[in-house]
Amino acid sequence: MTRRPHRVAEGGRIARDRPLSFTLEGRTFSGFAGDTLASALLANGLTLIGRSFKYHRPRGFVAAGCEEPNGLVTLGETGRTTPNIAATMTELHDGLCARRQNGGPSVDFDLMAINSWLAPLLGAGFYYKTFMGPRRGSWMFYEPFIRRAAGLGRAVHERDPDRYETRYEFADVLVIGAGAAGLAAASAAGRSGARVLLVEQDSLLGGQLLSRHLKDRCETWRGAAVAAVAACPNIRVLPRTTAFGLYDGNMVGLLTRYAPGQPQSARGEAREVVTTLCAKSIVFATGAIERPLVFGDNDRPGVMLASAAQTYLNRYAVSLGQRIVVATNNDSAWSSAAELARSGAAVTIVDQRAEVAAPLLELARQGGIAVELASVVTRAFGRRRVKGARLAALAGGAERTIDCDLLCMSGGWSCTVHLTSHTGIKPTYRAAIDSFVPGALAAGHFGAGAVMGSFGLAQGILEGNFAGAQAARHAGFALGAPEPDPDHVQVLPDEPYNLEIARGAAGKMRGKAFVDFQSDVTTDDVTNAQQEGFESVEHLKRYTTLGMGTDQGKTSNINAIGLISTLRGQAIAAAGTTTFRPPFTPVSIGALVGRNIGHHFRPIRRSPLHDWHASNGAAFIEAGPWLRAWYYRWAGDTVASAYIKEMHAVRSAVGISDISTLGKIDVQGPDAAEFLNRVYVNGFAKLPIGKARYGVMLNDDATVLDDGTTARFSETRYFLTTTTAQAGEVMSHLEFLHQTAWPELQVQFLSVTDEWAGMSVAGPKARAVLALAMPDHDFSDATLPHMGCRELIYEGGALRVLRLSFSGELAFELYVPADRGTGLWELLLTRGAELGIRPYGLEALASLRIEKGHVAGLELDHRNTLDDLGLGRMAGRDKVYVGRELRERSELKDPQRWSLVGIEGLEPDARLRGGAILFANADPIHGHGRGYITSVTWSTVLGRFIALGLYQGGLAHQNEEIICAFPLKNEIVRARIVSPVFIDEQGERMRV
Amino acid sequence: MNTGSANGPTGNERMLKIVCPNCGERHYTEFRYAGDATKSRPRHGSADLRAWHDHVFLFDNPKGAHREYWQHVLGCRQWLVLERDTATNTTGRSWLASEAAPP
Ligand SMILES: [Zn+2]
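Written out as structure tokens, the structure is:
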């Protein structure tokens, strides 16, 4: 790599007294505070910044701002690695560490550059043609190669140690962009007293003014305008902040990057902050982006936007060439050329227009600039660095080559309309400037300056003033005093801006003429796409990948649309533009997520008994938002061995488990009985006080919503439990029915899930444990029969005892206020120790119910009906309940529906698996089968694997042999359909 | 809670905020959406299968002014009827679902 220092001896907005050191692929370079990574690399003479996406052609910087298509680097190391960052937007800081991308083994020596020779294979629609053809397996074959060859930087798997934040803010007036128009708008709005927020993606305010020479008269105006904004107490300025999206409700997404350097997480400093801003009115002052010209090999390093070359020279004091060709079709490049000439370079302007305004010619004459009118550049020469340009007169005649070391191009300016169209307002094409401008602005939205297609500086300031005042008025603030007219607003007279539409001299071009640098799309690709019928700009985009890179086609959009319009012989206005969507520039996932990572992503709910579980050997498992005790170490070191021992303890003696996570709803009121009777399929109107009942509720469409038990403690007071998973859903459902359908019923609901700790004592010795623990109370079958419930006093507080069984054993559910849960739990364990009481976890709890054929969350998936789950008999024949009518649909009565069955493994050592697909014995093992397994357990009673599942036709196939296929493990297991109640079908064990 | 605009609140300023009759203007993320509130639920116990079918399964998807059920789940837990423009997200009046629509 040959390098030549390019830093100019003086000038620029860099702090020469603050040198900074940084590395590129481990090699150390130096720059100054105020540099971007791009300007510092260019100052060090490094012009090759990467290899192109498809063809691996050498590439250099094209731009100096957010539109940069080529200059993407990977920043940071290990967890901080961030790929695809535009070096032109990266402020230099000491110790910055960057890597170039997309070159192998290195960007300077790239084996993949052979792709240039394969170019005919990689044209438009390459992916579609190669991988959707008759050879179906071809993607499988090519994928690893393509993935390696294509693509940009790589993300890493390490955790990002930095902190990111999200926040909300409000403003009366938001001004987006702090160029001349934005500064004027913010000042004008600020004078009204409105709370103004001025956001600017750059670290400095001034926009294009920052690219002017420091001694330019505009710098005086800029200084004064920035000072005025800073002095206004109700204007807040956010530099380094990109407004990346506009959303409904005047909400704007802002991304603020931390000042250069490493943020101190320990001090709470964030690397990036996403702000959701709600503004009453918005001023768009987002400016415009210069367009490249399309000619042969226009992607060679050293071919650059004219405004970018001017920026590097004036702002960063980097001179990029001594012999410069400026190719253009418009006026603005002439002032860039004049600035470049002032640095001492020999400059030639090549303008495709036959005539230009006299002041431009005078400007060129003063700068000693050679002028070639009615001419175009058809090709760039040089490979790793531009060496010359081929010139052709439009009138014809011999072409000639002139040497150059910098080839600037300017195809006019595209208004930065992105944000204004994010909410769906299509931009409209204005031929005079060959650009789209914002369509109608929504109420409360205002625009000023270049974004509106008003390119003059004085015009921008004028419009900014006006828009700022209008925006303040819209937000409810009277206009401030009229704009004072001190000297500093006396700026240059408006510069003219004329352009002739440039579509490239297609017939004369040789080499690859790139339309989109980042996506490696050439004029040939666009032409091919058009010939193959992909004419709409939206189709063209997807077929060629044009505009689909991280730069989202900021420099390529108009040139591509212009080209396709020319090919179709159609006006650009008719072709339209592709849709602009957020984000304007890439936003890191970290910034969007902010602090919502790890456990902050979803708060964990813990049972009131959690601490006891944690200090007594429980292993935990996440169940929805809950962290539940899964199994206990006393029973084994792995869940597979532990839950079986825990189940055995319950079946043979007694166990205790935490059921605090069940949803609990307090239902009260004179009409509570009537209300419950309407929502449950089975009758609740006649439930006696002191009794509990199992109930099932349906959705309106007759699928099962939830099940649970409800206990009646008085005439008007019920205690309703839901499954853990559906607690919130059931609560809203009850409220919805009450408030929207039956407001006349006098009933109220209160969620008391967190108020009560719950525990289930289950097993043949359960009653004996309660008697030992609370000898003052009577738990006999006479006082507390099966499905009985009582309110008792425990240590001066409430204790609710429900004799219910989920496991099929004699069992009691005990509820006490949450803060007394651990006390009661420990009491039961201590007093019951002599009877062998043991805690059991969620795995054993779920397995015990499978042996009993009780359905749970895995079966209650909102797709199954009562009959599917074998619960059809619960519904009263003449009873009215929610979902009754739609239950009568003939489709739901189809005997071939998949319904609940028990499944018993026939091969003693082969395990059944949840999710296994069920087939009849004679079926080919292919496709979706006749059903699937929902829940599996090892049955300690039967000594084999058993399962619940859904099977076509259900229990009509009882005792038939079936096949359980588990393709993920290539397993096929023989099984038999049996009753889902595997043990104690008469329910005698729980009635003792 | 009003926006203080001289011109009165515009649609823009009200979008994505919902006025709860109990709690005032709140961000929409405090609410849960439940669909079309222009339809009336068949009477409890109605055996008209067609009416239930239409109520449960057939929805218009209007572009523009609409009335929807929203529940203030992170507030007073009341179900509201809310006027919302589905094309612009502009929200309008709201009232308790248990009460009659205001005139
Ligand atoms: Zn509320």
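From first to last, the protein sequence lines stand for chains A and B.
Residue 793 in our numbering sits at position 793 of the first sequence; the count goes up by one each step and never skips.
Residue 1103 in our numbering sits at position 103 of the second sequence; the count goes up by one each step and never skips.
Even glycine gets a Cβ: it sits at the ideal position worked out from N, Cα and C.
All values reported here derive from a predicted model rather than from experimental measurement.
Positions along the segment 575–604 of chain A whose CB lies within less than 8 Å of some CB in chain B: none
Distance cut-off 6 Å: A:H738 Cβ against heavy atoms of ligand 1: no
Residue range of the unbroken alpha helix (DSSP H) whose run includes A:C218: R217 to A231
Where A:Y881 falls: helix, strand or coil (DSSP): coil
Close Cβ partners of A:D487 (< 6 Å) along its chain, the five nearest in sequence each way excluded: Confidence at A:D487 is low in this model, with a pLDDT of 42, below 50, so its placement is unreliable and no value can be given for it.
Under 6 Å, CB to nearest heavy atom of ligand 1: contacting residues: B:C1020, B:N1022, B:C1023, B:H1072, B:G1075, B:C1076 and B:Q1078
Cutoff 8 Å; reference A:E834; Cβ partners in own chain excluding five residues on either side: L772
Segment contact, 8 Å Cβ cut-off, at least three pairs: the segment 674–693 of chain A with the segment 969–982 of chain A: no
Beta-ladder partner(s) of B:W1095, from DSSP: B:V1081
Validate contact between the segment 557–569 of chain A and the segment 61–81 of chain A using beta carbons, cut 8 Å, 3 pairs: no
Rounded straight-line distance, which links the Cα of A:A471 to that of A:L1057: A query on residue 1057 of chain A cannot be resolved here, the shown segment of chain A reaching from 1 to 992 and no further.
Under 8 Å from the C-beta of B:W1095: neighbouring residues of chain A: Result: empty, since nearest Cβ-Cβ is about 12 Å, beyond 8 Å.
Listed by chain order, chain A residues near B:A1047 by CB distance under 8 Å: E885
Closest residue to A:A288 among A:M452, A:I349 and A:T241 (Cα-Cα distance): A:M452
A:I461 in three-state terms, based on DSSP: helix
Closer than 7 Å to chain B by CB, A:T740: yes
Cβ neighbours of A:A727 in the same chain (closer than 7 Å, five flanking residues each side left out): G663 and T753
Where B:H1053 sits in the DSSP three-state scheme: helix
Below-7 Å beta-carbon distance, B:V1019 vs any chain A residue: no
Backbone secondary structure at A:F477 - three-state DSSP: coil
Own chain residues within Cβ distance below 7 Å of B:L1074, not counting five before or after: E1030
N- and C-terminal bounds of the beta strand (DSSP E) containing A:G245: T241 to Y247
Proximity test, Cβ basis, 7 Å: A:V880 and chain B: yes
CB contact below 7 Å: B:W1079 versus chain A: yes
At least three beta-carbon pairs within less than 8 Å, the segment 548–559 of chain A to the segment 388–396 of chain A: no
A:L24 versus A:T47: straight-line alpha-carbon distance, rounded: 13 Å
For A:M731, the first and last residue of its enclosing alpha helix (DSSP H): A727 to F736
Per-residue contacts from A:F1069 into chain B (C-beta, under 9 Å): Since the first and last residues shown for chain A are 1 and 992, residue 1069 of chain A lies out of range.
Min CB distance B:S1098 to chain A below 7 Å: yes
Euclidean distance between Cα positions of A:D405 and A:R300: 11 Å
Straight-line Cα distance separating A:T78 from A:M304: 33 Å
Top-ranked residue by Cα proximity to A:C98, from A:R27, A:A155 and A:R159: The amino acid occupying residue 98 of chain A in the given sequence is Ala; Cys does not appear at that position. It is A:R27.
Status (buried if at least 16 other CB within 10 Å, exposed otherwise) for A:E95: Residue identity differs from the one stated: residue 95 of chain A is Gly in this sequence, not Glu. Exposed, because fewer than 16 other Cβ atoms sit within 10 Å of the Cβ of A:G95.
For A:S657 and A:A757, the rounded distance between their alpha carbons: 11 Å
First and last residue of the uninterrupted alpha helix (DSSP H) at A:G590: I589 to V593
Reduced DSSP category for A:E290 - H, G, I as helix; E, B as strand; rest coil: strand
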